[in-house]
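Note sheet for the following structure.
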Amino acid sequence: MSGAAAAPTELAFSRRRRRLRFASRHLTILVGGTLLVLLIALALAAPAITPYDPIALDVTHRLRPPNAQHWFGTDNYGRDILSRTLYGGRISLFVGIAAALASSVTGTAIGLAAGVFRWADAALMRVMDGLMAIPSILLAVAMMTLVRPGVLIVIVAITIPEVPRVARLVRSVVLVIREQTYVQAATSIGTRLPRLLLHHILPNTLTPIIVQATYVCASAVLLEAYLGFLGVGIPPEIPSWGNIISDGRTYVQLAIWIVLFPGAFLGLMVVAINMLGDGVRDLLDQRLASRF
Amino acid sequence: MNAPPALEIQDLTTCFDTHDGVAVAVDGMSYSVGRQETLGIVGESGCGKSVTALSALRLIPTPPGRIAGGRVLLEGRDLLRLSEAEMRQVRGNAISMIFQDPMTSLNPVLTIGQQIAEIGMLHQGLSRKAALDRAAEMLRTVHIADQRRRLEEYPHQLSGGMRQRVMIAIALTCMPKVLIADEPTTALDVTIQAQILDLLNELQEKTGTAIVMITHDLAVVSEMAQRVVVMYAGQKIEEAPVDALFEAPLHPYTCGLLAASPRFAEGRAEDGRRVPLAEIPGTVPRLTAPPPGCRFAPRCPLAEDRCRAERPALSEHRPGHWAACWHAGEMPVAAHHA
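Chains as they are written, first to last, in the working numbering: chain U, 1 to 292; chain F, 1001 to 1338.
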């Protein structure tokens, strides 16, 4: 009858409305996520889509403003800024994700240990406090003078000062979780400590870890650029965003596009990651999200 | 020869080292519970009911807590002498525990199936699949319909009563000899309470499990237990068969408890006026510095100098009815049956 006929349309309607509601409620995640996916796609596809070799010199076309051949212009050696910017994205992303992963894994392990083994807590946390006091730029400069500069060293230099932040966060969550009845209940059925840690406690700490990891990723991208700009980051022959901007700063009055485009990409990337992080936090923390 | 009781606690003492000194949370506690029997443990919050139970399972966080003395015999075997690895074999297998708040005793990030299956995998050496089959079977036992779907669900998708049923399913998976139920119905509303108690009774008949029912709700005790132990400030002050306790309580504290609970203090005087519920004046003494004599003396209407100076020993006043009081049975019973 009429009810039966109306049902499918109503269903489709409500489904569409649900999607719309999700989209409006999680606008940050949508915008940030889309932007980030786009930037990642551009970076990954760089070898296929860039019109020029990012390190090929072309002295006849030095310092050209953006035009049909060179969309983002060229630098003082005639290198194509578009190609260099997209290739630079690969380095930035790699550094960002690697630093986020490394600091999350190490920090989580240390935080779990400090939260569960009370005898290790004081010692571990004082070491963490010590590490927190070292500015990453200083650490990077020191490490660059000690060892041959490279991508790995930059990642390590960015990771070390971030580890204590993650460790502190995880420790504080673990201190709450370990007192929950369900942890006691798990113990009361004879669960062993390793399983208790990995199966019962760790999954409850994942939300803040994921959120923290996105912030670490964003700040690592930025930090890589600082280090490149200061000349203590990735070796200058590799086109990272920091290096491109650093190269271009001498010509900023003549050729602003050299710093403008990688700078804009850097900004977009950081904004996208942060928006995604905020969105993920809202999505995972339903109590917070429902208030808005 | 008589078989040893399912669980026997002898002279158990548990202390907590605090900044204010040593708090003796459980002081020379003894009780035993036999197969198929339900023992009720009643007392105010903080009197050591739960600590006694947690001590029996050796789940007291150390430090600050420690078991200072006594024995915990599970069918004659002293649990306090076992290694930690042996103890893990006991927990959940021979003794299980149900906690007060079903809202917080299930892990929010694991499915119901994972949480029930865990115990089968731990103690019965079942594969994941077999453990899940067993979990579904246990859900049927605790009267949860649509078991396969429930196994996939997370705790927040279940109501409080359902969650307590799941906790019971977990606790009974290994057919334990002893089930310790720590205020299993306190967090539930009244109709659900009755269902959960019925379920526990029914399952006890099926499995023969001994139940230690910890509660501050005398109504729960009167429905479930055959014998009752009354605790005050870490000590046992009265123990009796359930009918004897409700009809002729010996200890003034027990009389006070009965007079303070709506169901047992029948609410009307002879002229039809409502009799207000009696409260027990004062609060539980600090466990770091308990009174030297009877611990209830500061709040007891019958207290005299002797009570304040000398601690009364537990003695059998009627067959099976023990009390630790210099004035046992002197409290006018009429006061709470008026």
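We put the beta carbon where it would ideally sit given N, CA and C, even for glycine.
Worksheet item: Using the C-alpha atoms, what's the distance from F/E1279 back to F/T1254?
Response: Take the alpha-carbon of F/T1254 and the one of F/E1279: they are about 12 angstroms apart.
Item to complete: Report yes if the CB atom of F/E1316 is closer than 9 angstroms to the CB atom of F/G1293, and no otherwise.
Response: No.
Fill in: Straight-line gap, U/I153 to F/G1070 (C-alpha atoms, nearest Å)
59 angstroms
Worksheet item: Can you list the residues of chain F that U/N204 reaches, using a CB-CB cut of under 8 angstroms?
Response: N1107, P1108, V1109
Worksheet item: Taking the C-alpha atoms as reference points, what is the distance between F/Q1193 and F/E1223?
Response: 11 angstroms
Worksheet item: Among F/G1125, F/M1029, F/R1286, F/L1302, which residue has its Cα nearest to the Cα of F/E1238?
Response: F/M1029
Worksheet item: Between U/L30 and U/A272, what straight-line distance do the alpha-carbon atoms span, to the nearest angstrom?
Response: 10 angstroms
Fill in: Contact list for F/T1104 against chain U, beta-carbon separation under 8 angstroms
Q180, T181, Y182
Worksheet item: Using CA coordinates, which residue listed in U/A41, U/R25, U/Q253 is at the minimum distance from U/R281?
Response: U/R25
Worksheet item: Any beta-carbon of chain F closer than 9 angstroms to the one on U/A185?
Response: yes
Discussion item. Between which two residues does the beta strand (DSSP E) holding F/W1322 run?
Written reply: 1321-1323
Worksheet entry | Residues near U/S14 in its chain [Cβ-Cβ closer than 8 angstroms; skip 5 each side] | none
Worksheet item: Unbroken alpha helix (DSSP H) runs of length 4 or more, entirely within the stretch 21-64 of chain U: which are they?
Response: 27-44, 46-49
Worksheet entry | Chain-ordered residues of the stretch 113-143 of chain U with a beta carbon less than 7 angstroms from chain F | none
Fill in: Contacts of U/G228 in chain F (Cβ-Cβ under 8 angstroms)
Within 8 angstroms Cβ-Cβ: nothing; U/G228 doesn't reach chain F, min ~40 angstroms.
Item to complete: Compare the C-beta of F/L1122 with all C-beta atoms of chain U and state if any pair is closer than 9 angstroms.
Response: yes
Worksheet item: Going by the beta-carbon positions, is the gap between U/Y215 and F/L1106 smaller than 9 angstroms?
Response: The answer is no: Cβ separation not under 9 angstroms.
Discussion item. For a cutoff of 9 angstroms on Cβ pairs, would you count U/H199 as touching chain F?
Written reply: Closer than 9 angstroms: yes.
Worksheet item: For the putative contact between F/P1102 and F/Q1164, defined by C-beta atoms under 8 angstroms, what is the C-beta separation to the nearest angstrom?
Response: That belief holds up - the Cβ atoms of F/P1102 and F/Q1164 are roughly 4 angstroms apart, short of 8 angstroms.
Worksheet item: In the DSSP assignment, what residue or residues form a beta bridge with F/V1212?
Response: F/L1039, F/I1180
Item to complete: For U/R192, go through chain F and note every residue whose CB falls closer than 7 angstroms to its CB, in chain order.
Response: R1088
Worksheet item: Between the stretch 1174-1182 of chain F and the stretch 1211-1220 of chain F, are three or more C-beta pairs nearer than 8 angstroms?
Response: Taking a cut-off of 8 angstroms on C-beta distances, the stretch 1174-1182 of chain F touches the stretch 1211-1220 of chain F, as three or more cross pairs fall below it.
Practice prompt. Assign U/F117 to one of two classes, buried (16 or more other C-beta atoms within 10 Å of its C-beta) or exposed (fewer than that).
Written response: exposed
Discussion item. Three Cβ pairs or more, each shorter than 8 angstroms: is that satisfied between the stretch 1144-1152 of chain F and the stretch 1077-1092 of chain F?
Written reply: No: fewer than three Cβ pairs fall under 8 angstroms.
Worksheet item: How big is the Cα-Cα spacing for U/L193 and F/A1117?
Response: 18 angstroms
Discussion item. Does U/I189 come out as helix, strand or coil in the three-state DSSP assignment?
Written reply: Three-state DSSP puts U/I189 in coil, outside helix and strand.
Practice prompt. Assign F/R1318 to one of three DSSP states: helix, strand, or coil.
Written response: Here F/R1318 carries a strand assignment [DSSP, helix/strand/coil].
Worksheet item: Between U/P51 and U/L44, what straight-line distance do the alpha-carbon atoms span, to the nearest angstrom?
Response: 15 angstroms
Discussion item. For U/P47 and U/A185, I'd like the C-alpha separation in whole angstroms.
Written reply: Each residue's alpha carbon lies about 55 angstroms from the other.
Worksheet item: Mind pulling the chain U residues with CB within less than 7 angstroms of F/G1092?
Response: S188, I189, G190
Fill in: Minimum Cβ-Cβ distance from F/E1118 to chain U less than 9 angstroms
yes
Fill in: Helix, strand or coil at U/I238 [DSSP, three-state]
Coil at U/I238, not helix or strand.
Worksheet item: What residue ranges within the stretch 1044-1096 of chain F form continuous beta strand (DSSP E) runs of no fewer than 3 residues, ordered along the chain?
Response: Annotation note: the stretch 1044-1096 of chain F contains the following uninterrupted beta strand (DSSP E) runs of length 3 or greater, listed N- to C-terminal: 1065-1074.
Worksheet item: Cβ of F/E1008 within 9 angstroms of Cβ of F/R1227?
Response: no
Practice prompt. Put F/I1009 into one of helix, strand or coil per three-state DSSP.
Written response: The three-state secondary structure of F/I1009, taken from DSSP, is strand.
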